[in-house]
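J.:
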Amino acid sequence: MKQLLRKLTAAAASFTVTAALAALMPAGTLTASAASDYWKFDFGGGGVEGGYTGVSASDGYNAGRGYGFSNGTNVTNVGASGGGALSDAVRFNNSTPTGGYTFCADVPNGLYQVSVWLGDTNRTSVAIEGMYQIMNLTGNNAYHTLQVPVSDGQLNICACEGKAGYAFTMSALEIKKISDEAKTNPTIWVCGDSTVCNYYPLNSSGQAGWAQMLPDYIDNTKWQVMNMATSGQCARGFMDAGQFTVIEKNGQPGDIYVVSIGINDTNAKNNTTEEQYAEILTDMAQRAMKKGMRVILVQQQGRNGDCQRSPLLTGRWYNGAVASVGQKLNIEVVNLFQLWQDYCLTKSV
Numbered sequence: 008m009k010q011l012l013r014k015l016t017a018a019a020a021s022f023t024v025t026a027a028l029a030a031l032m033p034a035g036t037l038t039a040s041a042a043s044d045y046w047k048f049d050f051g052g053g054g055v056e057g058g059y060t061g062v063s064a065s066d067g068y069n070a071g072r073g074y075g076f077s078n079g080t081n082v083t084n085v086g087a088s089g090g091g092a093l094s095d096a097v098r099f100n101n102s103t104p105t106g107g108y109t110f111c112a113d114v115p116n117g118l119y120q121v122s123v124w125l126g127d128t129n130r131t132s133v134a135i136e137g138m139y140q141i142m143n144l145t146g147n148n149a150y151h152t153l154q155v156p157v158s159d160g161q162l163n164i165c166a167c168e169g170k171a172g173y174a175f176t177m178s179a180l181e182i183k184k185i186s187d188e189a190k191t192n193p194t195i196w197v198c199g200d201s202t203v204c205n206y207y208p209l210n211s212s213g214q215a216g217w218a219q220m221l222p223d224y225i226d227n228t229k230w231q232v233m234n235m236a237t238s239g240q241c242a243r244g245f246m247d248a249g250q251f252t253v254i255e256k257n258g259q260p261g262d263i264y265v266v267s268i269g270i271n272d273t274n275a276k277n278n279t280t281e282e283q284y285a286e287i288l289t290d291m292a293q294r295a296m297k298k299g300m301r302v303i304l305v306q307q308q309g310r311n312g313d314c315q316r317s318p319l320l321t322g323r324w325y326n327g328a329v330a331s332v333g334q335k336l337n338i339e340v341v342n343l344f345q346l347w348q349d350y351c352l353t354k355s356v
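Those letters in the sequence shown? Residues 8 to 356, per the working numbering, in order.
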């Protein structure tokens, strides 16, 4: 029951935010082409699944072959719990999101659908093209797919530390060209924390972030969602950790950038005043707007017990700063706190 309630709450939050987004979404269609460029890699030393190219830890990059691990990349063949291509993996031992220690695949410039399967892992993030693009995949053989533009003739990817002290591994990789244009299709980019982020696998997870449910409420033939939120994150951390980097680099005019962060900024350990939070929020918003993106700020929801208070709260966290920044920059602000509280009250009567 708790799992269901958590997912319903996330869905409700997603629905209310989506209602505010809907009017801002211009018509468009995801670009696709008849391109047949398709690469499938099976990592590890335990055999190669049919239809895949095997890649062992000892396979350094070779220009004639067109793939392999970059010079200096420290990887180890390891087993994994899945079947077929997911029965083995490579463990990255010295990779960083911005470093050069990656798996490299020579591909023509264009837009690619990149699908990643991890090996056995507690929590792993994935960097592609020198920046974080998949955050905190959890569980053995966790899977994620996304669009990645390539403009330098080579796709670079590595598994990176998601949680200190745990291995970060990759079992399989598929790269499929979907357009000759090296830019993402219309995208809703999301900044957030544990109330927003993805949880894997969703069908067995006890919780879900509202942005993880967002694809269920939008036209997926016109928009994709890139959710860069992570549990425990604050606004400064989102910038400093490199989660904003892909948004700023790959964001296109007409994209939407939703910022729903601030709960953890009020925690003393993050040492962020409301004024500093507003400055960081302003900086993020202005940089996205400079790219031609539509920025939407979200005043975050409260805690479970807030709807039992008397009198009821009118807001939480640094929601006042969110409203002020929105007014200053003349951008949309969604009062998710009020929408969430109204929803909770209907469920508790």
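Idealized CB from N, CA, C, for every residue including glycine. These numbers were taken from a predicted model, which means no experiment stands behind them.
1. Keeping to the same chain, check which residues put their C-beta closer than 7 Å to that of residue 232; ignore five residues upstream and five downstream.
2. Tell me residue 97's beta-bridge partners as DSSP assigns them.
3. When you compare only the Cα positions, how much space is there between residue 59 and residue 202?
4. Under the DSSP definition of a beta bridge, which residues are partnered with residue 339?
5. Please name the residue in 269, 300, 274, 309 whose C-alpha comes closest to that of residue 286.
6. Applying the criterion that 16 or more other CB atoms from any shown protein chain within 10 Å of the CB defines a buried residue, is residue 350 buried or exposed?
7. Any chance you could list the alpha helix (DSSP H) runs of at least 4 consecutive residues sitting entirely within the region 193–222, in chain order?
8. 8 Å is my cut-off, CB to CB: does residue 46 come that close to chain B?
9. Do you know whose CA, among 112, 307, 94, lies nearest residue 76's CA?
10. Given this structure, state the Cα-to-Cα distance separating residue 141 from residue 276, to the nearest angstrom.
11. Taking only runs of the beta strand (DSSP E) that begin and end inside the region 222–261, which ones reach a length of at least 3 residues, in chain order?
12. Starting from residue 290, follow the alpha helix (DSSP H) in both directions and report where the run begins and ends.
13. Return the CA-CA distance between residue 242 and residue 157, expressed in angstroms with no decimal places.
14. Look at residue 85 and residue 97 and say whether their C-beta atoms are less than 8 Å apart.
15. Grab me the residues of residue 325's own chain with a C-beta within less than 8 Å of its C-beta, minus the 5 sequence neighbours each way, in chain order.
16. Would you call the CB atoms of residue 78 and residue 189 closer than 8 Å?
17. Confirm, please, whether the CB-CB distance from residue 146 to residue 207 is below 8 Å.
18. Tell me where the beta strand (DSSP E) around residue 162 begins and ends.
19. Would you report the Cα separation of residue 64 and residue 295, rounded to the nearest angstrom?
20. Determine whether the beta carbon atoms of residue 53 and residue 88 lie at a separation below 8 Å.
21. Whole angstroms are fine: how far does the CA of residue 301 sit from the CA of residue 193?
22. Measuring straight from C-alpha to C-alpha, what distance separates residue 110 and residue 164?
23. Could you check if residue 100 is buried or exposed, using at least 16 other CB atoms within 10 Å of its CB as the buried criterion?
24. Between the C-alpha atoms of residue 36 and residue 254, what's the straight-line distance to the nearest angstrom?
25. For residue 150, which of 180, 228, 330 has the nearest alpha-carbon?
T.: Looking at the atomic coordinates:
1. Closer than 7 Å at Cβ, skipping near neighbours: 195, 197, 218, 221, 222.
2. According to DSSP, which records beta bridges pairwise, residue 97 is partnered with 84, 177.
3. Using only the alpha carbons, I get a separation of about 37 Å.
4. In DSSP, residue 339 forms a bridge with 303.
5. Distance from the Cα of residue 286 is smallest, within the candidate group 269, 300, 274, 309, for 269.
6. Label assigned to residue 350: buried.
7. Fully enclosed alpha helix (DSSP H) runs of 4 or longer: 217–220.
8. This model lacks chain B altogether, as it is built from one protein chain only.
9. Comparing Cα-Cα distances from residue 76 to each of 112, 307, 94, the minimum goes to 112.
10. Cα to Cα, residue 141 sits roughly 26 Å from residue 276.
11. Listed in chain order, they are 231–234.
12. Where residue 290 is concerned, the enclosing alpha helix (DSSP H) stretches over 281–297.
13. Using only the alpha carbons, I get a separation of about 28 Å.
14. The Cβ-Cβ distance between residue 85 and residue 97 falls below 8 Å.
15. Excluding residues within five positions, the ones whose Cβ falls inside 8 Å are 269, 272, 273, 281, 284, 285.
16. Taking 8 Å as the Cβ cut-off, residue 78 and residue 189 do not qualify as a contacting pair.
17. With respect to the 8 Å criterion, residue 207 and residue 146 are classified as neighbours on the basis of their beta carbons.
18. That run of the beta strand (DSSP E) goes 161–168.
19. Distance between the alpha carbons of residue 64 and residue 295 is about 39 Å.
20. No, these two residues do not count as a Cβ contact at 8 Å.
21. CA-CA distance, residue 193 to residue 301, rounds to 12 Å.
22. Going by C-alpha positions, residue 110 is about 5 Å away from residue 164.
23. Under this definition residue 100 is an exposed residue.
24. Bear in mind that a pLDDT of 38 at residue 36, under 50, signals an unreliable position, so the model cannot answer this.
25. Nearest C-alpha to residue 150: 180.
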